[in-house]
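*Asks:*
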Amino acid sequence: MNLRRKLRARKQLKEDKTNVAWKAMDYCGPDPDVSIYNSQRAPLHGALLRMDMPRDAILQTIRSAGFRATTSSFLTVACDVVVIGSGCGGSVVAGVLAKAGHKVIIIEKGSYFPRSDLSLLEGEALSHMYECGGILPNWDLTTLFLAGSTVGGGSAVNWSASIRTPEHVRREWCDKLGLELFGREAYDRALDAVCDRMGVQTGVEEEGFNNMVLRKGCEALGMEPADVPRNAPPDHYCGWCHLGCRSGKKRSTTETWLADLADSGNGLILPGCSAVRILMHQKDRGPNQRRRVAKGVAVAFAFGGGTQEFVVESEVTVVACGALNTPGLLKRSGLKNAHIGRHLHAHPVVMAWGYFPPDKWPDNGKRNYEGGILTTMYSESHESGYGTLLQTPMLHPGMFATVTPWASAADFRERMARFSRTVHLFALVRDKGSGTVDGSEWVCYGMEEEDEGKLKVALEAAIRVLAAAGAEEVGTQHAKGERVRVVEGGVEWLARKVRKRVLRDGRTPVMSAHQMGSCRMSAEERKGAVSQSGETWEVERLYVADTSVFPTALGVNPMVTVQAIAYCTSQSILKVLQRKKQKQQQCTV
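Per the UniProt record's numbering, the sequence shown runs over residues 1 to 589.
#1: Considering only residues of the same chain and omitting the five flanking positions on each side of Gly354, which have a CB-CB separation below 6 Å?
#2: Around the Cβ of Ser72, are there at least 16 other Cβ atoms within 10 angstroms (buried) or fewer (exposed)?
#3: Pairing CB atoms from the stretch 515-528 with CB atoms from the stretch 46-57, are three or more of them under 8 Å?
#4: Could you name each continuous alpha helix (DSSP H) segment of 4 residues or more that falls completely within the stretch 206-275, going from the start of the chain to the end?
#5: Which of the three DSSP states is assigned to Met1 in this structure?
#6: Does the distance from the CB of Leu126 to the CB of Pro30 come in under 9 Å?
#7: Nearest CA to the CA of Ile269: which residue from Gly453, Ser512, Ile107 and Val502?
#8: Could you spell out where the beta strand (DSSP E) holding Cys79 opens and where it closes?
#9: Give every residue of the same chain whose Cβ lies closer than 6 Å to the Cβ of Thr476, excluding the five residues on either side of it in the sequence, and list them in chain order.
#10: For Lys99, I'd like the list of residues in its chain whose CB is within less than 6 Å of its CB, leaving aside the five on either flank, ordered along the chain.
#11: Taking Cβ to Cβ, would you say Trp257 is nearer than 9 Å to Ser111?
#12: What whole-angstrom Cβ distance do Met280 and Val539 have, given they're in contact under 8 Å?
#13: Three Cβ pairs or more, each shorter than 8 Å: is that satisfied between the stretch 542-549 and the stretch 181-194?
#14: Going by CA-CA distance only, name the one from Leu344, Thr392 and Cys587 that's closest to Leu459.
#15: Please give the ranges of any alpha helix (DSSP H) in the stretch 69-143, keeping only runs that are unbroken, at least 4 residues long and fully inside the region.
#16: Measuring only the C-alpha atoms, how far is Glu492 from Ala462?
#17: What ranges does the alpha helix (DSSP H) occupy inside the stretch 363-428, keeping only unbroken runs of at least 4 residues that lie completely in it?
#18: Leaving out five residues on either side along the sequence, give the residues of the same chain with a beta carbon under 8 Å from the beta carbon of Lys580.
#19: Could you give the distance in angstroms between the alpha-carbon of Ala468 and the alpha-carbon of Ala147?
#20: Indicate the three-state DSSP secondary structure (helix, strand or coil) for Thr18 in the structure shown.
#21: Express the C-alpha separation of Asn19 and Gly217 in angstroms, rounding to a whole number.
#22: Which of the three DSSP states is assigned to His45 in this structure?
#23: What's the gap between the Cα of Arg496 and the Cα of Thr376?
#24: His382: buried (16+ other C-beta within 10 angstroms of its C-beta) or exposed?
#25: How is Met51 classed by DSSP in three states: helix, strand or coil?
#26: Is it right to say Thr143 is buried, meaning 16 or more other beta carbons lie within 10 angstroms of its own, or is it exposed?
#27: To the nearest angstrom, how far is the alpha carbon of Phe145 from that of Pro509?
#28: What do you get for Cys587, buried or exposed, if any count of 16 or more other CB atoms within 10 angstroms of its CB means buried?
#29: Quick one: using the 10 Å Cβ neighbour count with 16 as the cut-off for buried, is Glu414 buried or exposed?
#30: Under a Cβ-count criterion, where at least 16 other Cβ atoms within 10 Å of its own Cβ denotes burial, should Ala410 be classed as buried or exposed?
#31: Give the DSSP-derived three-state secondary structure of Ile463 in the structure shown.
#32: Is it right to say Gln578 is buried, meaning 16 or more other beta carbons lie within 10 angstroms of its own, or is it exposed?
#33: Applying the 10 Å Cβ sphere with the 16-neighbour rule, what's the burial state of Ala262?
#34: Can you tell me whether DSSP reads Met351 as helix, strand or coil?
#35: Pick from Met25, Ser86, Glu15 and Leu13: whose alpha carbon is nearest that of Pro397?
#36: Any contact between the stretch 228-243 and the stretch 445-460? By contact I mean 3 or more CB pairs, one from each, below 8 Å.
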């Protein structure tokens with residue numbers, strides 16, 4: 001069965017939003033406790049502006065929020081800062097600046113889903129809250145990318161892991177790459193600030209099935225598992241957070257930084273709007289010296305069956321479209337830095353699975369789609385600093401079917417019937433190899449041999465962990481669909497297969513949920529696209545605040561790191577705005 005057929009199949013629901021196959025898979029569908037959260041408040045309601053309203057209503061909303069707006073042939077809105085993208089990076093900058101009293105407008109191409117509108121249906125969430133309906137392939141279809149595309153960005157649909165920037169990575173960025181920011185106390189304070197705002201903690205009242213398996217298997221093999229810090233409280237036993245968090249207990253940016261913006265009264269969020277290009281003007285800097293300065297963004301939105309444009313004028317412009325989209329916007333806007341769109345790292349992931357019969361451990365009705373998505377992990381360090389992780393994914397039936405190999409109809413039917421008691425573990429590598437992205441439909445990315453070798457070692461470890469935890473059968477997602485019984489000594493046979501096989505040939509699903517580095521930060525213009533302040537080397541007052549600024553691959557889940565860097569960037573922007581304000585005051589004296 002090809003990928004497109006599987007993707008269509010995952011969305012097939014009856015009129016009552018159920019699927020006839022759910023019962024056979026022991027799957028309940030959306031969270032059965034969803035009705036408890038129906039009365040939850042919508043924290044961003046007062047800051048949202050829909051551009052598909054009548055022009056007079058739009059103008060009234062903008063002006064009542066304290067922004068200047070003019071209209072002739074097209075609408076022009078003025079603000080202190082425009083932020084393009086509302087994910088983990090852009091939201092931090094927007095929230096900090098709005099709370100400091102500056103007028104901020106956020107442009108977001110995705111839609112906004114208040115908690116009460118989250119269906120927690122896999123097909124609907126993937127279609128409306130992710131890039132390309134949930135799956136964006138690279139150019140040769142060997143790697144599949146997952147990326148959020150909604151108000152809140154990846155924070156709205158990620159798995160809650162909130163891991164600080166590893167110390168060895170900070171040392172590499174500071175000492176080897178000359179980025180002093182990562183050795184300063186200011187970065188420590190930024191980490192503390194974002195973790196505090198997200199409510200990061202490591203406790204969990206009850207661990208879910210997948211993480212229980214990872215923990216037990218590691219301990220049985222003498223491997224030391226680690227607790228994963230989360231931006232959720234200990235009692236958040238939810239396996240649907242990758243489809244949006246209906247309870248609001250996961251502290252995504254819609255519950256934190258964007259809520260700060262809304263509460264400040266100094267910001268507006270414009271969903272369903274796409275940045276067309278950054279607007280600039282030339283600045284005289286003495287004889288024969290001119291430099292471009294960002295002055296806002298041209299924006300497009302769907303209206304009346306067509307497309308309309310408007311302009312946001314700003315003192316500072318912040319691009320935070322994510323590592324897959326930021327390079328394209330910068331290139332469309334005329335930036336020429338050679339590093340824009342290069343050095344794309346992806347944390348490539350491959351998976352192993354184990355089947356645990358219902359009458360075996362754990363025997364208390366545990367199912368693979370229940371419980372905190374990511375609460376346990378295992379880290380394998382490497383002398384180079386480029387090691388691997390074992391973690392747990394969340395695969396509801398649609399994604400489960402998408403990555404499950406097709407051997408025959410009967411085989412596939414049996415695998416799906418075993419869905420709720422099949423545990424997946426994934427191996428992730430901090431990749432040295434990199435790719436390119438330019439804003440077109442295709443991402444050019446492929447693993448290097450060194451990364452592939454480490455990933456195969458980690459995949460073999462995942463198989464052994466599953467077996468040690470008590471799995472009856474284990475396997476990988478290789479196209480041949482092989483599965484082996486543990487009691488019959490099949491683990492060693494499968495391990496040999498893993499060691500010999502190539503992961504880069506498209507026969508094993510390779511996935512990426514973390515993209516970074518495509519506008520990397522550097523100490524010198526010749527080595528990167530942005531400076532340590534987050535400002536582009538080419539254009540003044542044009543900043544980047546997303547994972548594209550990472551100097552290398554990170555090696556762990558990136559949410560805390562991108563927020564901490566964005567927090568530092570916001571402090572740089574505050575200084576720029578303060579200097580401009582002081583200059584204006586001096587001119588009026």
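Where is the CB? At the ideal position from N, CA and C, for every residue including glycine.
*Replies:* If we stick to the structure as given:
#1: Val423, Leu466, Ala471 and Val474
#2: exposed
#3: no
#4: 209-220 and 257-264
#5: Only weak support is given to the placement of Met1: the predicted model assigns it a pLDDT of 44, under 50, and the value that follows is read from those uncertain coordinates. Coil.
#6: no
#7: Ile107
#8: Leu75 to Ile84
#9: Ala352
#10: Asp260 and Ser264
#11: no
#12: 6 Å
#13: no
#14: Thr392
#15: 90-99 and 122-129
#16: 13 Å
#17: 397-403 and 409-417
#18: Glu315
#19: 33 Å
#20: coil
#21: 34 Å
#22: helix
#23: 27 Å
#24: exposed
#25: coil
#26: buried
#27: 11 Å
#28: exposed
#29: exposed
#30: exposed
#31: helix
#32: exposed
#33: buried
#34: strand
#35: Met25
#36: no
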